[in-house]
Amino acid sequence: MVAAESQSIDDNDRQTQLLRGALDMCLLALLAREPAHGYELVRRMEAAGFGAISYGTIYPLLTRMRRLGLVAHEQQVSPTGPPRKVYALTGSGRTHLDAWQKQWNRFTDTVDAVLCPLDHTPTRS
């Protein structure tokens, strides 16, 4: 049982590290499709298969991306409570997203080449 728990912890840590390197790019991609408030972005990330992502992760990142000029926000009336900030991609955000997607594709192609070589000949130990 300890080995299974250790594997689960290792898997969760690995997933967290991978997400950390791609979260800003994923949020920009979601905002490129449609502006959204933070709660909606958390829901979209979960629906995309990323699992539970906390608001404490999303909101500071949105604030950082706003300061960098990658996203802008506007207050919109909420039908069920106080006004909410709805975030949208800026022109600079679109430029960064395009560049980051190209960089990501090169990176994943490189990792794939290492993990899945074209020559599937078994290695000898």
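Converting from the sequence shown to the working numbering requires adding 323 to each position, the first position being numbered 1. Positions of the beta carbon are idealized from the N, C-alpha and C atoms, including for glycine. If you're wondering where the values come from, they're calculated on a predicted model, not measured in any experiment.
With contacts defined by Cβ atoms closer than 9 Å, Leu351 and Leu393 form a contacting pair. A contact is defined here as three or more CB-CB pairs under 8 Å, and the stretch 380 to 389 meets this definition with respect to the stretch 355 to 366. In the structure shown, Gly392 falls within a coil segment according to DSSP collapsed to helix, strand and coil. Where Ala422 is concerned, the enclosing alpha helix (DSSP H) starts and stops at 414 to 438.
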